[in-house]
Amino acid sequence: MGLLDNKIAIVTGGARGIGAKIAERFTEEGAQVVLVDIDQESAEAHAQAISLKGAQAAAYVVDVSNTDAVKELVTQVVKRFGRVDILVNNAGITRDGLIMTMSEKDWDSVIAVNLKSVFNFIKAIARPMIRQKAGSIVNISSVVGLIGNGGQFNYASSKAGVIGATKSAAKELASRNIRVNAIAPGYIQTAMTDKLDEKAKNTLLELIPAKSLGRPEDVANAALFLASDLASYVTGEVLRVDGGMAM
Ligand code: NDP
1 MGLLDNKIAI
11 VTGGARGIGA
21 KIAERFTEEG
31 AQVVLVDIDQ
41 ESAEAHAQAI
51 SLKGAQAAAY
61 VVDVSNTDAV
71 KELVTQVVKR
81 FGRVDILVNN
91 AGITRDGLIM
101 TMSEKDWDSV
111 IAVNLKSVFN
121 FIKAIARPMI
131 RQKAGSIVNI
141 SSVVGLIGNG
151 GQFNYASSKA
161 GVIGATKSAA
171 KELASRNIRV
181 NAIAPGYIQT
191 AMTDKLDEKA
201 KNTLLELIPA
211 KSLGRPEDVA
221 NAALFLASDL
231 ASYVTGEVLR
241 VDGGMAM
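Residue numbers for the sequence shown follow this note's numbering, beginning at 1 and rising by one.
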């Protein structure tokens, strides 16, 4: 028996990195997963790779910042699968730069993909989850949403916003048996952090008590816990997965 047997889960940004690992981990525990990504080729390839292991995964191509497209996607998924038990808002981007030189475009795109997407999905999914009288939503924030970071004014603002959104939605939806939690990963080995040079990585390691970067599976296991009934009395929580970096 798996922790997510017969559950239907939507994972945004599920084509690669942390989202891909969350999708994989969920299917290992019995869930059927809907991968939502802007990258069609990678999303379809990952869904196929999961299916080859005998689990069920479907790929949908949507820009998570597009309100109408997200509404339509959720309608389609509910129609196809009959319900959505779990939503993981994971898709995210960085457009780093110093405040004084940051363009309006870089501010807007990071807020749209990282924060407006959370509004889009929770608004669209609240009604079906209320109707089915159950649901678990996991939002992927970041430690920089808790402690800030020079050079990431837009990104840290979006991730702090995700924490506010998580707690507000948790308060609104708790009486309907819908839990809403967030994960604040530290530095995790993915394409997002591969961009850092050796010097930057070494500087980072100095800040992490565990003295290592995290792995996508570390975040996936935390997401599994929060999504599953193991966390049935946990809502509005922000779980750091950061090797102690932000304690
Ligand atoms: P990746 O860049 O590896 O993966 C993100 C995925 O989201 C990609 O497949 C990307 O597609 C997709 N995506 C980007 N924009 C959109 C969009 N508008 N609509 C739909 N899908 C989109 O990121 P990570 O796996 O590293 O990060 C996942 C989440 O974890 C993010 O929210 C990130 O902020 C957060 N996080 C990551 C940390 C890290 O150290 N890696 C630390 C803390 C938080 P494409 O490849 O085409 O861009």
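Note that beta-carbon positions come from the ideal geometry of N, C-alpha and C, so glycine has one too. The structure displayed is predicted, hence computed values, not measured ones.
Exposed unless 16 or more other CB atoms sit within 10 angstroms - verdict on residue i
| i | result |
| --- | --- |
| leucine 98 | exposed |
| glutamine 152 | buried |
| leucine 4 | buried |
| proline 209 | exposed |
| glutamate 24 | buried |
| arginine 240 | buried |
| leucine 73 | buried |
Backbone CA spacing between residue i and residue j [nearest angstrom]
| i | j | result |
| --- | --- | --- |
| leucine 87 | asparagine 202 | 35 Å |
| isoleucine 188 | proline 216 | 6 Å |
| isoleucine 38 | lysine 211 | 33 Å |
| glycine 148 | leucine 115 | 16 Å |
| leucine 226 | methionine 100 | 38 Å |
| leucine 173 | threonine 67 | 21 Å |
| lysine 105 | lysine 79 | 36 Å |
| tyrosine 233 | alanine 134 | 13 Å |
| phenylalanine 81 | alanine 246 | 39 Å |
| arginine 83 | valine 64 | 20 Å |
| phenylalanine 26 | valine 70 | 22 Å |
| alanine 165 | valine 118 | 8 Å |
| lysine 195 | aspartate 96 | 11 Å |
| threonine 75 | glycine 214 | 35 Å |
| glutamate 29 | glycine 2 | 4 Å |
| glutamate 248 | proline 128 | A question about residue 248 goes unanswered here, because the residues of the chain that appear run from 1 up to 247. |
Contacting residues, own chain, Cβ-Cβ under 6 Å from residue i (five flanking each side not counted)
| i | result |
| --- | --- |
| glutamate 237 | Asn181 |
| tyrosine 155 | Thr94 and Val110 |
| alanine 231 | Phe225 |
| serine 136 | Ile86, Arg179 and Ala227 |
Host beta strand (DSSP E) of residue i (start-end)
| i | result |
| --- | --- |
| threonine 101 | Counting along the chain, threonine 101 falls outside any beta strand (DSSP E), and DSSP gives it neither H nor E. |
| serine 136 | 135-140 |
| asparagine 181 | 178-185 |
| glutamine 32 | 32-37 |
| threonine 12 | 8-12 |
Close Cβ partners of residue i (< 7 Å) along its chain, the five nearest in sequence each way excluded
| i | result |
| --- | --- |
| lysine 167 | Gly236 |
| serine 141 | Lys159, Val162, Ile163, Ala182, Ile183, Ala184 and Val238 |
| glycine 92 | Gly13, Val113, Asn114 and Ile140 |
| alanine 15 | Leu35, Asp37, Asp39, Ser42, Ala43 and His46 |
| glycine 145 | Ala156, Lys159, Ala160, Val162, Ile163 and Ala184 |
| methionine 192 | Gly17 and Thr94 |
Proximal residues to residue i (C-beta, below 8 Å), its chain only, five neighbours per side dropped
| i | result |
| --- | --- |
| glycine 150 | Leu98 |
N- and C-terminal bounds of the alpha helix (DSSP H) containing residue i
| i | result |
| --- | --- |
| valine 27 | In the sequence as displayed, the identity of residue 27 is threonine instead of valine. Run containing threonine 27: 17-28, per the alpha helix (DSSP H) assignment. |
| alanine 59 | Looking at the DSSP string, alanine 59 is not in any alpha helix (DSSP H); the run it does join, the beta strand (DSSP E), is 57-61. |
| arginine 127 | 117-132 |
Checklist entry - Taking three-plus beta-carbon pairs below 8 Å as touching, is the segment 119-137 in contact with the segment 47-60? => result By the Cβ test, the segment 119-137 is not in contact with the segment 47-60, since fewer than three Cβ pairs between them sit closer than 8 Å.
Next on the checklist: Whether or not the segment 7-16 and the segment 34-43 are in contact is what I'm after, with contact meaning three or more pairs of Cβ atoms, one per stretch, closer than 8 Å; do they touch?
Outcome noted: With three or more CB-CB distances shorter than 8 Å, the segment 34-43 counts as touching the segment 7-16.
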